[in-house]
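Shown next, in structure tokens, is the structure this report addresses.
There are 2 protein chains.
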Amino acid sequence: MDERDARMALCCAVEPGNRAVTAAVAEYGPAAVFASLCKPSSRSRWERRAKAVDLTVVRRAADRNRLRFVIPGDDEWPEALDDLATGEPVQEMGGVPFGLWLKGDADLAQAAARAIAIVGSRAATPYGRSVASDLAAGLGSHGIAVVSGGAYGIDAAAHEGALATSVPTIAVMAGGLDSPYPPGNAALLQRVAGQGLLVSELPPGEHPTRSRFLARNRLIAALSRATVIVEAAWRSGARNTVSWASACGRVVLAVPGPVHSATSTTPHRLIRDAEAVLCTGVPDVLELVGPLGRQPPGRPDQHRLLDELNADELAVYEAFPARGEIDAGEVSLRAGLALGNCLAILDRISERGLIEYGAAGWKLTRPVTRTGD
Amino acid sequence: MDERDARMALCCAVEPGNRAVTAAVAEYGPAAVFASLCKPSSRSRWERRAKAVDLTVVRRAADRNRLRFVIPGDDEWPEALDDLATGEPVQEMGGVPFGLWLKGDADLAQAAARAIAIVGSRAATPYGRSVASDLAAGLGSHGIAVVSGGAYGIDAAAHEGALATSVPTIAVMAGGLDSPYPPGNAALLQRVAGQGLLVSELPPGEHPTRSRFLARNRLIAALSRATVIVEAAWRSGARNTVSWASACGRVVLAVPGPVHSATSTTPHRLIRDAEAVLCTGVPDVLELVGPLGRQPPGRPDQHRLLDELNADELAVYEAFPARGEIDAGEVSLRAGLALGNCLAILDRISERGLIEYGAAGWKLTRPVTRTGD
């Protein structure tokens, strides 16, 4: 069995997000793992399903629905998904998907290269839907693809906003792409496939389940450079996506709303606890993950400027690579400072002319020999 | 001239917030400074005004308006104002007021002991006014006095909310208390004086000016344990109060709102840049400055728990006094961590049973001998 077939078979036999099987695949390769699952002695909970896999049937269903199957190493495979290999587990799940079925003309790797996830409540308010849709359209006008889950409410509004631009939008499904869920969004999802992509790690014929939604959320988070949560009540699936985003080192942004609005509870809590950066619109997202087109400031004497920095400012400055660009999320991780704090410091030290906003991130105004180098 | 008279005369002769005169008073005492201002050779910009001061006239006007004059050292003088002696200047202003005229039956020191400032835009929305009023009433029901500036919009809503409770509310004026400003709030300010206090460092007969509003804002900030900014457009006087609060080491909270609302621009920016903590209601304020009535959690083995803390968590834990209580703002300062981050960590380590919420702040679950002690 070649690698592609083995990966397809694993998608059919093993529930998404299973860390034990994912780890085994990383160590022994997909063919060996699938073969071992099929052994009568495997005692695996997947044994029965592994034995029942019929790839001919799966391929026929995929062809009928114009789906393609991509695996790690393919040109279209987004490198970003590999971050799931090392990310923290969430609710005992995790791991790089064995492969993905895609439907649509867009190229997944290209679309995901600068994508932003917009997620939130199904029971969204008109306010939340309008923010999600405006945000998606605004990001689209900057050439940024929007990833979401195709659900009612915020997800649908985000896809709609993105569809108003010419940029692909990506809907990651928790079931097979032969009948995208929910049925009420069938027309929307067909348009998503027309301009962007439907994505799933489940083969045609499989239905969404609660655990598949949770595993699906890790793909939304990992495929994006940042996740924006627009509205979510305290118990909301969107919080799970936020956990995945944090687990794989992605920036989380949250949109505030009226304090009386139950659907703003989660965004407010995330912002208050410094788990998310407050987001009021496109510029807040761009500042974290992409170009804003700032003018480089003047360049006064570097050493004098460094002497004036306080400890946190120096930590932020020292987090910069000598050459090249870095985004605010990475600076925050390296400097060990909360992101909100980091953003304020980036503003301050850019005003002093030490750093500037480049094509795709922050950079030093000039490569310097560091003190102590 | 005795100290009280000298201070009253300084209030009449010198514009509020003048740092040079305040510093001189701290060094040479009010009588010597006022005498030197009156000398023909003083070359002081205050000379003409100092010579014109007639305390008999001032006292008569104060008596007529039932005002009293309090100075540092009086029982009713709030110690909190002394923080202005060492606080950073804001727009070149600063300093402890020479004295204060008060109108109303409440005791200023007692009311200010657990007061919260609520400030914001005069051009507030119905949303902002309702949040300000609910917040003030909620704080009042916890025995917390509300300080504001008596202006239209957020200020008025905050005083109104506070008046619905039995707790004093404090309106700090930028002119003399004989004709509180703005005239349209005369009835409201009369009710404030009836249940709480009107406060001003300007003698009767003086009118508000732009710089007096700015100097007044430092009193609002310093009289309160925290300042909550409810709504403010980008160019708003409320931002000045926030600067004062930060300058004298007070916690700043900001209330989010719809992202399209111009009056939520400043709160959103302050939250995003970690200059303010997001506030959705009374519990967020209480958690920072007063009791929340949390149940003390269980007490597992302390040493094992300490080993499990990461660097930031340990910094927060180490910020605690061995005995007694501390508020989150103080923890944040001591640990050198942004307040939002600090709040999240306080939650985490309280779940582990290392700290708990006491009568008026966070404390160690049991006084411990620290590692390294």
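So the protein lines, in turn, are chains A and B. So our numbering is basically just the index in the first sequence, starting at one, shifted up by 195. So our numbering is basically just the index in the second sequence, starting at one, shifted up by 195. We treat Cβ as the ideally placed atom computed from N, Cα and C, and that holds for glycine.
Taking 7 Å as the CB-CB limit, is residue i close to chain A?
i: Arg-489 (chain B); result: Because the pLDDT of Arg-489 (chain B) is 34, which lies under 50, any placement of that residue in the model is unreliable, and the question is left without a value.
i: Ala-256 (chain B); result: no
i: His-571 (chain B); result: Only positions 196 to 568 of chain B appear in the structure, and residue 571 (chain B) is not among them; the question remains open.
i: Pro-453 (chain B); result: yes
i: Ala-539 (chain B); result: yes
i: Pro-492 (chain B); result: With a pLDDT of only 36 at Pro-492 (chain B), under the threshold of 50, the placement of this residue in the model should not be trusted, and no figure is reported.
i: Val-216 (chain B); result: no
At the 7 Å Cβ level, is residue i part of the contact set with chain B, yes or no?
i: Asp-350 (chain A); result: no
i: Gly-333 (chain A); result: no
i: Val-437 (chain A); result: no
i: Pro-495 (chain A); result: Residue confidence is low: Pro-495 (chain A) scores 42 on pLDDT, short of 50, so the model does not pin down where it sits. Its coordinate-derived value is still stated next. No - not a single Cβ of chain B is within 7 Å of the one on Pro-495 (chain A).
i: Val-265 (chain A); result: no
i: Val-326 (chain A); result: yes
Would you mind stating whether residue i and residue j have Cβ atoms separated by less than 7 Å?
i: Thr-217 (chain B); j: Gly-290 (chain B); result: yes
i: Ala-340 (chain A); j: Ala-306 (chain A); result: yes
i: Ala-416 (chain B); j: Pro-211 (chain B); result: no
i: Gly-294 (chain B); j: Ile-266 (chain B); result: yes
i: Ala-433 (chain A); j: Gly-535 (chain B); result: no
i: Val-362 (chain A); j: Gly-379 (chain A); result: no
i: Val-387 (chain A); j: Thr-360 (chain A); result: no
i: Glu-482 (chain A); j: Ala-319 (chain A); result: no
i: Leu-279 (chain A); j: Cys-443 (chain A); result: yes
i: Asp-169 (chain A); j: Gly-356 (chain A); result: For residue 169 (chain A) there is no data in the structure shown, the boundaries of chain A being 196 and 568.
i: Ala-154 (chain A); j: Thr-422 (chain A); result: Missing from the structure shown is residue 154 (chain A); chain A here goes from 196 to 568 and no further.
i: Ser-431 (chain B); j: Val-285 (chain B); result: no
i: Leu-393 (chain A); j: Pro-375 (chain A); result: yes
i: Lys-558 (chain A); j: Glu-508 (chain A); result: no
i: Ala-523 (chain A); j: Val-511 (chain A); result: no
i: Val-326 (chain A); j: Val-450 (chain A); result: yes
i: Arg-202 (chain B); j: Pro-225 (chain B); result: yes
i: Asp-200 (chain A); j: Leu-250 (chain A); result: yes
i: Thr-475 (chain B); j: His-402 (chain A); result: no
i: Gly-299 (chain A); j: Gly-391 (chain A); result: yes
i: Phe-229 (chain A); j: Ala-204 (chain A); result: yes
i: Glu-396 (chain A); j: Pro-292 (chain A); result: yes
In chain B, which residues lie less than 7 Å from residue i when you measure between Cβ atoms?
i: Ile-466 (chain A); result: Ile-466 and Leu-473
i: Val-450 (chain A); result: Val-454
Just the chain A side, please: which residues come within less than 7 Å of residue i by C-beta, in chain order?
i: Gly-315 (chain B); result: None at all; the shortest Cβ gap to chain A is about 13 Å.
For the beta strand (DSSP E) containing residue i, list its first residue and its last residue.
i: Ala-366 (chain A); result: 364-367
i: Thr-460 (chain A); result: From DSSP, Thr-460 (chain A) is part of no beta strand (DSSP E) but of the alpha helix (DSSP H) over 460-467.
i: Glu-551 (chain A); result: 550-552
i: Ala-263 (chain B); result: Correcting the residue type first, residue 263 (chain B) is Arg in the shown sequence and not Ala. Segment 263-265, the beta strand (DSSP E) holding Arg-263 (chain B).
i: Trp-296 (chain A); result: 295-298
i: Ile-415 (chain A); result: Unbroken run through Ile-415 (chain A) is the alpha helix (DSSP H), 405-417; no beta strand (DSSP E).
i: Leu-448 (chain B); result: 446-449
i: Thr-422 (chain B); result: 421-424
So which residues on chain A does residue i lean against when the C-beta distance must stay under 9 Å?
i: Gly-535 (chain B); result: Ile-466, Arg-467, Asp-468, Ala-469, Glu-470, Ala-533, Gly-535 and Asn-536
Which chain A residues sit within Cβ distance under 8 Å of residue i?
i: Asp-479 (chain B); result: Arg-467
Who are the neighbours of residue i on chain B, taking C-beta pairs under 8 Å?
i: Tyr-322 (chain A); result: Pro-453
i: His-463 (chain A); result: Pro-451, Leu-473 and Thr-475
What whole-angstrom Cβ distance do residue i and residue j have, given they're in contact under 8 Å?
i: Trp-296 (chain A); j: Leu-418 (chain A); result: Wrong, their Cβ atoms sit about 14 Å apart, outside the cutoff.
i: Ala-221 (chain A); j: Ala-245 (chain A); result: At roughly 18 Å, the Cβ-Cβ gap does not stay under 8 Å, so Ala-221 (chain A) and Ala-245 (chain A) are not in contact.
i: Pro-377 (chain A); j: Asn-260 (chain A); result: Not confirmed; about 17 Å, so no contact.
i: Leu-465 (chain A); j: Ala-471 (chain A); result: 4 Å
i: Gly-323 (chain A); j: Gly-333 (chain A); result: Not confirmed; about 16 Å, so no contact.
How far does the alpha helix (DSSP H) with residue i in it extend, from its first residue to its last?
i: Lys-246 (chain A); result: 242-247
i: Trp-439 (chain B); result: 432-442
i: Ile-349 (chain B); result: 349-358
Are the C-beta of residue i and some C-beta of chain E separated by less than 7 Å?
i: Ala-319 (chain B); result: In the structure shown, chain E does not exist; the protein chains are A and B.
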